[in-house]
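The next block holds one structure in the form of structure tokens; read it before the comments.
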Amino acid sequence: MKTPEVPAHWSPAQRARAEALLPFERLSAGLLAPRPQFYGLRPAKDALAVELGEQALLEWWMAALGRPGTWRARWCPLRPMLSHAESMGWPIQVYSPGREVDVPALYAVGGADQPAARHRCRSMALIRVPDAVVYSKSNLVRAGDVALLDHQGDELARMPCHLSTDGGVLAQRGDEVALAEQDDLPELPRALSLLGLHSFAYGHWLEEFLPKLGACLTEPGVENITVLVDAQMPTQLFESLALVLGGMDRVRIVQPGEALRLRELWAVTAPLYYPIGPAPGTLGSPGWHVMDGPWMATCMQRLAARWERAVPVSTCERVYLGRTDGQHRRLLNRPDVEAWFRGQQFTIVDAHDLPFLQQMALMQGAKWLVAPEGSALSNSLFAPAGTRIGMLAGPRVMHMEAYAQVVQAQGQHLCLCLGQQPQALRPGEYFGNYAIDLDTLPQLLQRLDSDAAGACSG
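Residues in the sequence shown are numbered from 1 upward in steps of one, following the numbering used here.
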């Protein structure tokens, strides 16, 4: 990459207008940050595309990334990846077919239980896409003249999205998206993609991306395939990847703004639908966040087997995983909640900078695990059967169905502790800040204890 500079061939008027809509330094800093600011940049990105056109946006965008050149904006019809692959006759290996599955009850204190139900899960499959182009920090793949996105059935219709939030999408109009195109892109013969908009997020990595690799571990030839990952990811994510692969020799790190051409792309559908920039008011409804829980549990066990011998011993049986105040879904009375759990002999752990193997050690040693809803709690996917898991959360519970499915499949015990949101959600906000009533915390531990005791007696 070169030092970011505004496009030299632009007129002063064009530069001034682009600067007014999307300041160059702000854009460059937001794109190159360790945690890229795609969500925050999206409104200004859309405004620039509307006023100056998607080609101008592309030139401004790539210049801010230090990747000037002969880029062209190309409009492509958007197609669902799996159904398009089926229509084209591409090779598909289905690991878990879409079907009706059981969703266990979500038990709660501080609010009502959500009853058990049956809903449809999505298909989990490996698709071998010929002559594909992939983009850094992007969930989309270009194959020929079409853009492929992993959405199935009515998922995209049920939860409309601002697809221009994606790192590879310049603009959207109806069922078309504008993507970047360039001659003589770097080319690889074959690779498995773990690229995506949310690849920097620890929880997304464990729940969305790493299972794609876990699904392929039994495929012939997987031991030789190149694995594509984004550059802007926390150290712990690279640590987990190296443990699964036995090193980083086969990993190709895709830099910000980079695009690659692949003669054969291994594209794996995600175990859940992860919307890109969901539009305000589209939180979803019961049944939209559902997976094949037993399959996911098996996949987690397959991954954990790759690092189990390297996990150190932990003596912490009661673990509280903290969540910092700077993150969204903030626990407003965090100090009081942590003090209460400290008084119950819980070890308070800030896992943010903790090496991956140390986080796995905490999971293996814990008999009790409590955490605010968020990425740190995704570690519990690797906790053993019998672990009591308490999740602190706001008043909305419908997006936790898939987590409950995996917990049940792994023989763990889950109870939610629901708080209250003192302020209404702001426009475009999905999960607001919340406070937990301290009087509900003893109820949380009691319910987890009775659930575990009932399972043992049964």
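C-beta atoms are modelled at their ideal positions from N, C-alpha and C, and glycine is treated no differently.
query: State buried or exposed for V254, treating a residue as buried only when at least 16 other CB atoms are found within 10 Å of its CB.; result: buried
query: Just to confirm before moving on: does the CB-CB distance between Q405 and V134 stay below 8 Å?; result: no
query: Check whether the Cβ atoms of K387 and L369 sit closer than 8 Å, and answer yes or no.; result: The residue asked about is misnamed: residue 387 is Thr in this sequence, not Lys. Closer than 8 Å, so yes.
query: Give every residue of the same chain whose Cβ lies closer than 8 Å to the Cβ of G214, excluding the five residues on either side of it in the sequence, and list them in chain order.; result: V244, C299, M300, R302 and L303
query: If you follow the alpha helix (DSSP H) that H84 is in, where does it begin and where does it stop?; result: M81 to M88
query: Taking three-plus beta-carbon pairs below 8 Å as touching, is the stretch 67-75 in contact with the stretch 218-238?; result: no
query: So, for L58: in the same chain, excluding its five sequence neighbours on each side, which residues have a beta-carbon less than 7 Å away from its beta-carbon?; result: W71, A73, L170 and A180
query: Leaving out five residues before and five after P77 in sequence, what residues of the same chain have Cβ atoms less than 8 Å from its Cβ?; result: D145, V146, A147, D175 and E176
query: When the Cα atoms are used, what is the spatial distance from L438 to Q420?; result: 12 Å
query: Inspect the beta-carbon positions of A157 and P286 and report whether they are closer than 8 Å.; result: no
query: If distances are taken between C-alpha atoms only, which option among H151, T440, M233 and R122 comes closest to L32?; result: M233
query: For L217 and A125, I'd like the C-alpha separation in whole angstroms.; result: 13 Å
query: Under three-state DSSP, which class holds A385?; result: coil
query: Is the CB-CB distance between L237 and W205 below 8 Å?; result: yes
query: Quick one: residues in its chain with C-beta nearer than 6 Å to the C-beta of S457, no 5 flanking neighbours on either side, listed in chain order?; result: Because S457 carries a pLDDT of 48, less than 50, the predicted location of this residue cannot be relied on, and no value is offered for it.
query: State the beta-bridge partners of D230 as determined by DSSP.; result: V254
query: For K2, count the other beta carbons within 10 Å of its own beta carbon; 16 or more makes it buried, fewer makes it exposed. Which is it?; result: exposed
query: Classify E25 as buried or exposed, calling it buried when 16 or more other Cβ atoms lie within 10 Å of its own Cβ.; result: exposed
query: Going by C-alpha distance, which of I436, L272, D183 and G168 is nearest H119?; result: L272
query: Report the partner residues of G102 according to the DSSP bridge assignment.; result: Looking at the sequence provided, one finds Asp at residue 102 rather than Gly. For D102, which the question treats as bridged, DSSP gives the partners R118.
query: Cutting at 8 Å between CB atoms, please list the residues of its own chain near M62, excluding the five before and the five after it.; result: P68, G69, W71, A180 and G257
query: Cα separation between H198 and T235?; result: 15 Å
query: Can you look up Y320 in the DSSP assignment and give me helix, strand or coil?; result: strand
query: Count Cβ pairs between the stretch 317-328 and the stretch 369-383 that sit closer than 8 Å; are there 3 or more?; result: yes
query: The alpha helix (DSSP H) that contains R35, what's its start and end?; result: That residue, R35, is in no alpha helix (DSSP H); it is neither H nor E in DSSP.
query: For D353, name the three-state secondary structure that DSSP assigns.; result: coil
query: Could you tell me whether the Cβ atoms of M391 and L362 are closer together than 8 Å?; result: no
query: What separation, rounded to the nearest whole angstrom, lies between the Cα atoms of L27 and L41?; result: 7 Å
query: By Cβ distance, which residues of its chain are closer than 6 Å to P211, with the 5 residues on each side in sequence left out?; result: P271 and C299
query: Let me make sure I understand the geometry here. Which of L262, Q410 and R99 has the alpha-carbon closest to that of E187?; result: L262
query: Report buried or exposed for P12, applying the criterion of at least 16 other Cβ atoms within 10 angstroms of its Cβ.; result: exposed
query: In whole angstroms, what is the alpha-carbon distance linking P312 and Q358?; result: 7 Å
query: Would you decide whether T315 is buried or exposed? Buried here means 16 or more other CB atoms lie within 10 Å of its CB.; result: exposed
query: Which same chain residues end up closer than 7 Å to A44 when comparing Cβ atoms and leaving out the 5 residues on each side of it in sequence?; result: L21 and L22
query: Please determine, among Y202, D131, P372 and S96, the residue with the shortest C-alpha to C-alpha distance to R329.; result: P372
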